[in-house]
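2 protein chains.
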Amino acid sequence: MTDSSLQTSIAILGGTGKEGKGLAYRWAKAGYQVHIGSRSADKAIIAANDVREMLKGENSVDGMSNLEAAREAGIVVITVPYAAHRETLESVKDELKGKILVDVTVPLVPPKVSTVQMPVAGSAAQEAREIVGVDVQVCAAFQNISHEHLLDDADVECDVLVTGTSKEARAEIIKLVEAAGLRGWDAGPIENSVVIEGLTSVLIGINKKYGSTHAGIKITGAQRKA
Amino acid sequence: MTDSSLQTSIAILGGTGKEGKGLAYRWAKAGYQVHIGSRSADKAIIAANDVREMLKGENSVDGMSNLEAAREAGIVVITVPYAAHRETLESVKDELKGKILVDVTVPLVPPKVSTVQMPVAGSAAQEAREIVGVDVQVCAAFQNISHEHLLDDADVECDVLVTGTSKEARAEIIKLVEAAGLRGWDAGPIENSVVIEGLTSVLIGINKKYGSTHAGIKITGAQRKA
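Line by line, the protein sequences give chains A and B.
Each residue of the first sequence is one higher than the one before, counting from 37 in the numbering used here.
Each residue of the second sequence is one higher than the one before, counting from 37 in the numbering used here.
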């Protein structure tokens with residue numbers, strides 16, 4: 037890790053929550069340079085310190101504002117609650133051109149969080165696409181995993197479906213899925229994001245109905261190519 | 037099987053295709069009285085004969101028109117291609133009052149069958165609900181299973197997600213899933229049907245991308261209650 041310019045750098049916007057910290061932990065551990073972003077740079081710095089402490093300090097995680105994080109990184113992951121989705125994207129969109137945006141958002145509408153309710157665009161990821169424009173590749177991923185497990189090195193018994201605006205962008209994000217120790221699948225074009233976002237509501241409902249806390253999915257009957 | 041009035045009877049509209057015959061085979065084997073329906077009663081009779089032959093004749097499967105099949109059964113399953121969905125439902129809706137309709141339809145739009153493209157109602161099952169009215173419980177199920185495997189007694193490595201207009205209807209259909217030798221999950225209200233219908237496009241895309249033929253899904257991290 038001597039030449040950080042050769043590393044892929046990843047921004048995690050809204051990265052002070054459980055999801056964001058879990059992903060930061062796994063990617064930093066895998067050797068990526070991770071920038072945790074938040075509306076408050078101070079909070080981002082605290083979250084980055086937490087993650088660095090877990091990693092025993094030998095990996096590259098820092099904290100800054102969402103805007104700076106988006107500027108510094110080649111791949112920008114957004115993990116904010118849906119209520120802050122549009123505003124966050126608007127605030128960073130000028131920094132996203134030519135990059136890949138990974139949308140982790142699930143458009144849950146409380147209190148009926150186990151009922152699929154999508155925005156007019158069709159899904160949060162398609163809405164993101166409308167906001168950031170065609171100069172940005174947009175992918176959707178990581179909606180269905182149990183983020184608590186990311187922070188404790190546990191095997192996460194859930195596959196990650198990756199949709200996106202190009203095959204190349206999806207392949208790039210599947211590499212990140214694997215770097216985080218998970219199994220990723222190309223789930224097709226961005227129009228398919230409704231399935232992976234909506235699956236979160238189905239899994240919340242299954243947890244409630246069957247008394248589980250971490251329902252997930254696995255793809256069966258197919259092998260990933262090397 | 038002496039008193040057929042005590043058995044639950046199931047109609048399978050459009051039941052002359054692979055899906056329909058596979059389901060007819062499994063349910064008849066489990067002791068249900070199965071009526072295969074088709075636009076052509078003759079074709080339905082031939083399909084019923086095929087299934088009876090596989091079952092060595094000791095089970096109850098017969099063939100008739102879609103309308104007669106819907107009239108005879110307490111649970112009506114529709115397995116027609118999406119292009120025939122509305123017309124078939126219009127033709128039988130007067131026979132459905134007080135019953136459960138199970139929609140297996142996936143609203144694929146050729147040639148882009150691996151892209152999710154839903155009707156205005158939100159999903160085929162919600163469209164069915166609009167057509168048949170509120171006196172019918174509507175469920176969606178069986179969209180993601182490999183129907184070829186139903187006919188050869190193989191273990192099907194795919195769970196069945198069941199959405200529907202009431203908890204009671206979903207529970208009833210989960211019993212049918214289990215009778216067919218599959219694992220069923222309550223996937224919530226009818227609004228969630230977009231996930232299970234759309235998942236079929238995702239799985240078609242995975243088959244194409246990864247060279248598989250029977251990609252499916254399993255729910256992980258949860259146990260079904262007894």
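All C-beta atoms, glycine included, are put in the ideal place defined by N, C-alpha and C.
Small disclaimer: the values here were computed from a predicted structure and weren't measured.
Whose Cβ in chain A lies nearer than 8 Å to the Cβ of G241/B? The sequence position of residue 241/B within the second sequence is 205, counting from 1. Contact annotation for G241/B against chain A: D222, A223, G224, N228 [CB-CB distance below 8 Å, chain order].
Residues of chain B with a CB under 8 Å from the CB of A120/A: which are they? On the first sequence, position 84 is the one that residue 120/A refers to. Going along chain B, no residue has its Cβ under 8 Å from A120/A, so there is no contact; the nearest lies around 24 Å.
For T52/B, which of helix, strand or coil comes out of DSSP? For the purposes of this step, residue 52/B is identified with residue 16 of the second sequence, where counting begins at 1. T52/B falls in the coil class under three-state DSSP.
Going along the region 246-258 of chain B in order, which residues come within less than 9 Å of chain A, judged by CB to CB distance? If the cut-off is 9 Å between Cβ atoms, the region 246-258 of chain B has Y246, G247, S248, T249, H250, A251, G252, I253, K254, I255, T256, G257, A258 near chain A.
Does E89/B come within less than 8 Å of chain A when only Cβ atoms are used? Taking the second sequence and counting its residues from 1, the one referred to as residue 89/B is at position 53. Cβ-Cβ to chain A under 8 Å: no for E89/B.
Are the C-beta of S214/A and some C-beta of chain B separated by less than 8 Å? As a working mapping, residue 214/A is identified with position 178 in the first sequence. Per the sequence presented here, residue 214/A reads as Glu, with Ser not at that position. No - not a single Cβ of chain B is within 8 Å of the one on E214/A.
N- and C-terminal bounds of the beta strand (DSSP E) containing H71/A: By 1-based counting over the first sequence, the position of residue 71/A is 35. That run of the beta strand (DSSP E) goes 69-74.
With DSSP as the reference, identify every bridge partner of C288/B, one or two as the case may be. Because chain B spans 37 through 262 in this model, residue 288/B falls outside it and cannot be assessed.
Enumerate, from N- to C-terminal direction, the unbroken beta strand (DSSP E) stretches of 3 or more residues contained entirely within the region 219-257 of chain B. 220-225, 252-256
If I measure Cβ to Cβ from R107/A and keep anything under 6 Å in the same chain, skipping five residues before and after, which residues do I get? Here the question's residue 107/A lines up with position 71 in the first sequence. So the list reads E131, once near-sequence residues are dropped.
Which residues of chain B have a Cβ atom closer than 9 Å to the Cβ of T151/A, listed in chain order? Against the first sequence, residue 151/A aligns to sequence position 115. By Cβ distance, chain B contributes G224, P225, E227, N228.
Through-space distance from G51/B to M90/A, alpha-carbon basis: On the first sequence, position 54 is the one that residue 90/A refers to. On the second sequence, position 15 is the one that residue 51/B refers to. Going from the Cα of M90/A to the Cα of G51/B covers about 58 Å.
Name the chain A residues that come within less than 9 Å of S127/B, Cβ to Cβ? Within the second sequence, residue 127/B is the residue found at index 91, counting from 1. In chain order: nothing, as chain A lies at least about 30 Å away.
Within a Cβ cutoff of 7 Å, which residues of the same chain sit near K79/A, ignoring the five residues on either side of it in sequence? Position 43 of the first sequence, counted from the start, is the residue given in the question as residue 79/A. The answer, listed in chain order, is T52.
Less than 6 Å between C-beta atoms, sequence neighbours within five positions excluded: which residues of the same chain meet that for L197/B? Translated into positions along the second sequence, residue 197/B becomes position 161. Around L197/B: W221, A223, I232.
Hey, would you say I226/B sits closer than 8 Å to Q162/B, going by beta carbons? In the second sequence, counting from the first residue as 1, residue 226/B sits at position 190. In the second sequence, counting from the first residue as 1, residue 162/B sits at position 126. At a Cβ-Cβ threshold of 8 Å, I226/B and Q162/B count as neighbours.
Answer with buried or exposed for T249/A, where buried requires no fewer than 16 other C-beta atoms within 10 angstroms of its C-beta. In the first sequence, the residue the question calls residue 249/A occupies position 213. Its Cβ having fewer than 16 others within 10 Å, T249/A is exposed.
Which residues, in chain order, does the region 191-216 of chain B contribute to contact with chain A at a C-beta distance below 7 Å? E193, C194, L197
Any contact of the region 194-209 of chain B with the region 170-186 of chain B, i.e. 3+ C-beta pairs under 8 Å? yes
Report the three-state DSSP secondary structure of T38/B (helix, strand or coil). Sequence index remark: in the second sequence, residue 38/B carries index 2 (1-based). Low confidence applies here, because T38/B scores a pLDDT of 38, under 50, leaving its location unreliable and the question unanswered by this model.
If we cut at 8 Å on Cβ distances, does V238/A have a partner in chain B? Within the first sequence, residue 238/A is the residue found at index 202, counting from 1. Answer yes: the Cβ-Cβ gap between V238/A and chain B drops below 8 Å somewhere.
For Y246/A and K65/A, I'd like the C-alpha separation in whole angstroms. Walking along the first sequence from the start, residue 246/A turns up at place 210. Walking along the first sequence from the start, residue 65/A turns up at place 29. Going from the Cα of Y246/A to the Cα of K65/A covers about 34 Å.
May I ask you to report which of helix, strand or coil DSSP gives M100/A? As a working mapping, residue 100/A is identified with position 64 in the first sequence. Looking at M100/A - three-state DSSP - the assignment turns out to be strand.
When the distance is taken between beta carbons, is S45/B closer than 8 Å to Y68/B? As a working mapping, residue 68/B is identified with position 32 in the second sequence. As a working mapping, residue 45/B is identified with position 9 in the second sequence. Yes, they are a contact pair.
Identify the residues that DSSP records as bridge partners of I114/A: which are they? Here residue 114/A corresponds to residue number 78 of the first sequence, with the count starting at 1. Bridge partners of I114/A: L49/A, D139/A.
Anything in chain A within Cβ reach of L235/B, meaning under 7 Å, just list it in chain order. Locating residue 235/B in the second sequence gives position 199, counting from the first residue. In chain order: V231.
Can you name the start and end residues of the alpha helix (DSSP H) that A161/B belongs to? For this step, residue 161/B is matched to residue 125 along the second sequence. Per DSSP, A161/B belongs to the alpha helix (DSSP H) from 160-168.
Can you tell me where the alpha helix (DSSP H) with D86/B in it begins and where it stops? The residue you call residue 86/B lines up with position 50 of the second sequence. Here the alpha helix (DSSP H) through D86/B covers 77-90.
Under 8 Å between C-beta atoms, does R165/B make it to chain A? Taking the first residue of the second sequence as 1, we reach residue 165/B at position 129. It does not: the Cβ of R165/B has no partner Cβ on chain A nearer than 8 Å.
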